[in-house]
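Scroll down for the structure; my scribbles are underneath it.
Numbering (the numbering used here), first residue to last: 592 to 895.
If you want it as structure tokens, here you go:
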């Protein structure tokens, strides 16, 4: 090796990113991002910043953001319970993050913290790819939490005409309805509680499920399986397991289904682009996510 070799700048750009949230130690986001980084010839490191592990709550966000800037992080993904709490700590917001009042992606650029929301764009991408040609006039959504707001916004950007939001907390569904009505004044947006599920689903063309029910830690379904019909498309935001009980029951009767895997990949694609300024290969990331989920299933079977 010559002195010229030592003086030459590295040909491989490097990025340092992370995920902030609670209970995220087993997230598949780090290997997904790092695999795409390797495929693009980047030095790409993605760290987990679990508030539980760090022994802090949401009040620790200012310290984490200061540390991320000091250590040269390029970007952070943000998940529960920090998507709203982080907003006052940021220097700027994208238009979509401002409209939704939630941030899941922070780009650190020249010491400035810029908040984005790729949850909505990830679900919109999933709808474009998996529900092309599906009827969108009357859609009902179960769940009005953090993910629910982004998913509802995505559905309305994709042309849903009559949209009903149902949540166990009627005040929460009403609040989301009101905020969306301001953004989409030309749509008919309604809110309801659980008592409205049978009639609303019965009149709908599509069902979006945006509650935690169906995750490995929260098995089951958020509605009676008897309400499912072959002509009712069903989309889920849950991606672990890849096929929830809701999607399995819908598929078994011939309904069109949309897994939450597509949303997860879509938001990761958009976050990667924001962090690096480079165009990720969405299909490559989808294939790698499939491998990660297969390995996870195999490990679970081996341990059973």
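Backbone N, C-alpha and C define an ideal beta-carbon position, used for all residues, glycine too.
query, result
"Simplified DSSP assignment, three categories, for residue 768", "helix"
"Residue 767 classed as buried or exposed, judged by whether at least 16 other C-beta atoms fall within 10 angstroms", "buried"
"Alpha-carbon to alpha-carbon, residue 779 and residue 886", "44 Å"
"Distance between residue 772 and residue 716 (C-alpha atoms, nearest Å)", "22 Å"
"Close beta carbons around residue 809, own chain, < 6 Å, minus the five adjacent residues each side", "803"
"Proximity of residue 829 and residue 851 at Cβ, strictly below 8 Å", "yes"
"First through last residue of the beta strand (DSSP E) which encompasses residue 783", "779 to 783"
"Where the beta strand (DSSP E) through residue 610 begins and ends", "605 to 612"
"Beta-bridge pairing of residue 963 - partner residues as DSSP gives them", "Outside the shown range of the chain, which is 592 to 895, sits residue 963, and nothing can be said about it."
"Identity of the residue in 703, 690, 666, 664 nearest residue 680 by Cα", "703"
"Beta-carbon separation (whole angstroms), residue 798 vs residue 774, contact threshold 8 Å", "No, residue 798 and residue 774 are not in contact; Cβ-Cβ is about 22 Å, not under 8 Å."
"In DSSP terms, what residue 755 is bridged to", "731, 781"
"Residue 800 versus residue 769: straight-line alpha-carbon distance, rounded", "20 Å"
"Same chain, Cβ closer than 7 Å to residue 747, five either side skipped, listed in chain order", "754, 771, 775, 778"
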